[in-house]
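Using our numbering, read the sequence shown as starting at -8 and increasing by one per residue. Yeah, the Cβ is synthetic: ideal placement off N, Cα and C, and Gly gets one too.
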Amino acid sequence: MKKNIGSQLALYPTPVTVIGAMDGEKPTWTLVAHVGIIGHDRVLVSLAAPHFINHCIKENQKLSINIVNEDFLPEADYSGSVSGAKEDKSKLFQYELGASGTPIIEKAPLTMECSVVDVYNTPNFESFICMIDNTYVEEVYLNEDGKINYQTLKPVLFEFPTYEYLRTGEVIAPCLSYAKEIKKGEK
């Protein structure tokens, strides 16, 4: 029997990302796992309202979403442990500027450059609604059809409330592949 544990956010695990934005002429970074898909061309990045990076995002209306794999998890983790208001995090990652002017972490296997189209405020949070401008992926993580291969990219996942990082798993089955089996069982 299921137990009611109250109103709890339970849509975990989620991908670990490092959000980048320009702070004047320098980048700043922060670790974020509250990201979501709201359409095929839009994503949501939710940040606690006091985060230093928020004013940089609002000023430039741009941000980068850098997917974290285990290759740079220690640096990514560190980016979330200190505030950009207290420490200059611009040298934490080697980066380049993307076509839209956002900082792209060189070690990140995949980066999306985004333009902010709206900000949705809730108590203590600012959620940036973003349009995806460009997506950059290391070629080694593309399959023969030019699609992103998450089996080799292996994004790190975040689980709450235990605050743990998880490895991505194996493929169980292709999406929507069970329909034939269920349909056969109905006959």
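With a 10 Å radius around the Cβ and a threshold of 16 neighbouring Cβ atoms, V59 comes out buried. Under DSSP, the beta-bridge partners assigned to E87 are I95.
In the DSSP assignment, A67 falls within the alpha helix (DSSP H) that extends over L64 to S70.
Separation of the CB atoms of E117 and S55 is rounded to 17 angstroms, and the pair is thereby denied contact status at 8 angstroms. For N51, the three-state secondary structure derived from DSSP is helix. Residues of the same chain with a CB within less than 7 angstroms of the CB of I28, apart from the 5 flanking positions on each side, are V34 in chain order. Between the alpha carbons of D109 and I44 lies a distance of about 16 angstroms. In the three-state DSSP reduction, N(-5) falls in the coil class, being neither helix nor strand. Between the alpha carbons of A12 and Y3 lies a gap of roughly 25 angstroms.
When secondary structure is reduced to three states using DSSP, G75 falls in the coil class, being assigned neither helix nor strand. Under the DSSP assignment, G160 falls outside any alpha helix (DSSP H); it carries neither an H nor an E label.
For a cut-off of 8 angstroms, the C-beta gap from V131 to I139 is around 11 angstroms, too long to register as a contact. With a contact defined as Cβ atoms closer than 8 angstroms, A67 and L22 qualify at about 6 angstroms. If only uninterrupted alpha helix (DSSP H) runs of at least 4 residues are considered, those enclosed by the stretch 111 to 158 are 141 to 144. For K171, no beta strand (DSSP E) segment is defined; the enclosing uninterrupted segment is the alpha helix (DSSP H) at A170 to E177. For N57 against I(-4), the beta-carbon gap comes to about 33 angstroms, at or over 8 angstroms, which does not count as contact.
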